[in-house]
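Residue 221 in our numbering sits at position 219 of the sequence shown, and the numbers go up by one each step.
From the three backbone atoms N, C-alpha and C, an ideal C-beta is built for every residue, glycine too.
Heads up: the structure comes next, in structure tokens.
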Amino acid sequence: MPGQIAANLASVRRAVAEAAREAGRDPAGIRLVAVSKTFSAVEIREAAAAGQHDFGENRVQEGLEKIEALTDLGVEWHLIGHLQSNKAAKAARAFQWIHSVDSRDVVERLDRAAVSAGLRPQILVQVDLAHEESKSGADPTVVSDLVRVALDARALNLRGLMIVPPIPDNPRDSGPWFRQLRELRDQLVASGAPPSHLAELSMGMSHDFRVAIAEGATIIRIGTAIFGHRPTLAPSAPL
Ligand SMILES: *Cc1c(COP(=O)(O)O)cnc(C)c1O
């Protein structure tokens, strides 16, 4: 339906501003990533025409196709889904932001590809706090090592941490996960990691972004509330 995406974006932006105000925060400190996975270039163009600048994709190949088809938009692309190391080089060349960095191998491969392409992607370390079977992310015990490796990289710009908590029954149930991610960041900084490289917390989706903003999210990743419901994928679809 023409106009629906623009209207949804406007109401998400209003809700973000309201949640920021309630938390005593400046809404300008919250980056809204429109998660366009499964949606087409046409829908992404509609969002971009309504002023949306950041888009998120969870699969490298699907993202690459859209990025190539939409170079004229001048928007920024975020990879938010699990990154297999054999796709790291492709991802480093196409996405400006990579939220799902969770192993030393991925850091090293991203760095090599970024160096040889003369690029400097922004990266976040994805943390696995809930230990769900299906989720990726680095164990909290190895995050400080991973942060060190990322800071030593030649061409990667570490920006912060990211989490995908368990789907909550009630959005408030996400609060403790978001708080734990923020506290982990604070611990890393207290033990000497440079705060400017851990300033970003990528957390909060359509159902719980208000809670995430209250807990200090600086990047929220919103799909359904902007583009509508996604067609359900076949259960066997590889991530
Ligand atoms: C799909 C996805 C989102 C967006 O989810 P919605 O509930 O549609 O807002 C956010 N983050 C990640 C990692 C995702 O895969």
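heavy atom of ligand 1 below 7 angstroms from A214 C-beta:
Mapped onto the sequence shown, residue 214 falls at position 212. Flag unset: Cβ of A214 not near ligand 1.
Segments assigned alpha helix (DSSP H), at least 4 residues, entirely inside the stretch 51-112 | Segments of the alpha helix (DSSP H) lying fully in the stretch 51-112: 62-71, 90-96.
- Item | For L81, the nearest candidate out of H231, R223, E135 (CA to CA) | Taking the first residue of the sequence shown as 1, we reach residue 81 at position 79. Comparing Cα positions, the closest option is R223.
Practice item. Would you identify the three-state DSSP class for A9, choosing helix, strand or coil? Key: The residue labelled residue 9 in the question sits at position 7 within the sequence shown. In the structure shown, A9 falls within a helical segment according to DSSP collapsed to helix, strand and coil.
Starting from the C-beta of I228, find all residues in its chain whose C-beta is less than 7 angstroms away, skip the five residues before and the five after it, and write them out in chain order. Your numbering for residue 228 matches position 226 in the sequence shown. Correct list, in chain order: I7, N10, L11, V14, A36, A49.
Problem - Local Cβ density within 10 Å of R187, reported as buried at 16 or more and exposed below that - result: Numbered from 1 along the sequence shown, position 185 holds the residue referred to as residue 187. Its Cβ being crowded by 16 or more others within 10 Å, R187 is buried.
Taking 7 angstroms as the cut-off, is the beta-carbon of S208 closer than that to any non-hydrogen atom of ligand 1?
What you label residue 208 is simply residue 206 of the sequence shown in a count that begins at 1. A distance criterion of 7 angstroms places the beta-carbon of S208 in contact range of ligand 1, judged by its closest non-hydrogen atom.
Does the Cβ-Cβ distance between L112 and A140 come in under 8 angstroms?
-> The sequence position of residue 112 within the sequence shown is 110, counting from 1. The sequence position of residue 140 within the sequence shown is 138, counting from 1. Not in contact: L112 and A140 (Cβ atoms no closer than 8 angstroms).
Could you check which residue in Q54, S38, F57, V117 has the C-alpha nearest to that of L158? Locating residue 158 in the sequence shown gives position 156, where the first residue counts as 1. Of the residues Q54, S38, F57, V117, the one whose Cα lies closest to the Cα of L158 is V117.
For G206, which residues in the same chain have their Cβ closer than 6 angstroms to its Cβ, ignoring the five residues on either side in sequence? Position 204 of the sequence shown holds residue 206. When the five nearest sequence neighbours on each side are left out, the beta carbons in the same chain lying within less than 6 angstroms of the beta carbon of G206 are those of A214, A219, I222, in order along the chain.
Tell me whether T226 counts as near ligand 1, meaning its Cβ is closer than 7 angstroms to at least one heavy atom of that ligand. Taking the sequence shown and counting its residues from 1, one reaches residue 226 at position 224. At least one heavy atom of ligand 1 is nearer than 7 angstroms to the Cβ of T226, so yes.
Under a three-way DSSP split, which group does D188 fall into? On the sequence shown, residue 188 is found 186 positions in, with the first residue counted as 1. When DSSP states are grouped into helix, strand and coil, D188 belongs to the helix group.
Just tell me which of P173, D28, V127 has its CA closest to the CA of L183. As a position in the sequence shown, residue 183 is number 181, starting the count at 1. If we check each option's Cα against that of L183, V127 comes out closest.
Looking at the strands, I want to know which residues DSSP matches up with V129.
For the purposes of this step, residue 129 is taken as the residue at position 127 of the sequence shown. DSSP output for V129 lists A140 as bridge partner(s).
ask   = When DSSP builds the beta bridges, which residues end up paired with A203?
value = Position 201 of the sequence shown, counted from the start, is the residue given in the question as residue 203. For clarity, residue 203 is Leu in the given sequence; the question names Ala instead. According to DSSP, L203 shares a beta bridge with L163.
inquiry  = With the cut-off set at 8 angstroms, would you say W99 and L131 are in Cβ contact?
reply    = Your numbering for residue 99 matches position 97 in the sequence shown. Your numbering for residue 131 matches position 129 in the sequence shown. For W99 and L131, no; Cβs fall outside 8 angstroms.
Checklist line | A25 (DSSP reduced to helix, strand or coil) | finding: As a position in the sequence shown, residue 25 is number 23, starting the count at 1. Three-state result, A25: coil.
In whole angstroms, what is the alpha-carbon distance linking F211 and D107? For the purposes of this step, residue 211 is taken as residue 209 along the sequence shown, with counting starting at 1. For the purposes of this step, residue 107 is taken as residue 105 along the sequence shown, with counting starting at 1. Rounded to whole angstroms, F211 to D107 spans 31 angstroms at the Cα level.
* Compute every distance between the C-beta of G83 and the non-hydrogen atoms of ligand 2, then say whether any falls below 7 angstroms. => With respect to small molecules bound, the structure shown includes ligand 1 and not ligand 2.
Checklist line | Contact check, I32 vs S38, beta carbons under 8 angstroms | finding: Numbered from 1 along the sequence shown, position 30 holds the residue referred to as residue 32. Numbered from 1 along the sequence shown, position 36 holds the residue referred to as residue 38. By the CB criterion at 8 angstroms, I32 and S38 fall outside the cutoff.
### Close beta carbons around A25, own chain, < 6 angstroms, minus the five adjacent residues each side
For this step, residue 25 is matched to residue 23 along the sequence shown. Contacts found: I215, A216.
- Task: Alpha carbon to alpha carbon, how far is D74 from H199? Give it in angstroms, no decimals.
- Result: Taking the first residue of the sequence shown as position 1, residue 199 is located at position 197. Taking the first residue of the sequence shown as position 1, residue 74 is located at position 72. Approximately 30 angstroms, taken between the alpha carbons.
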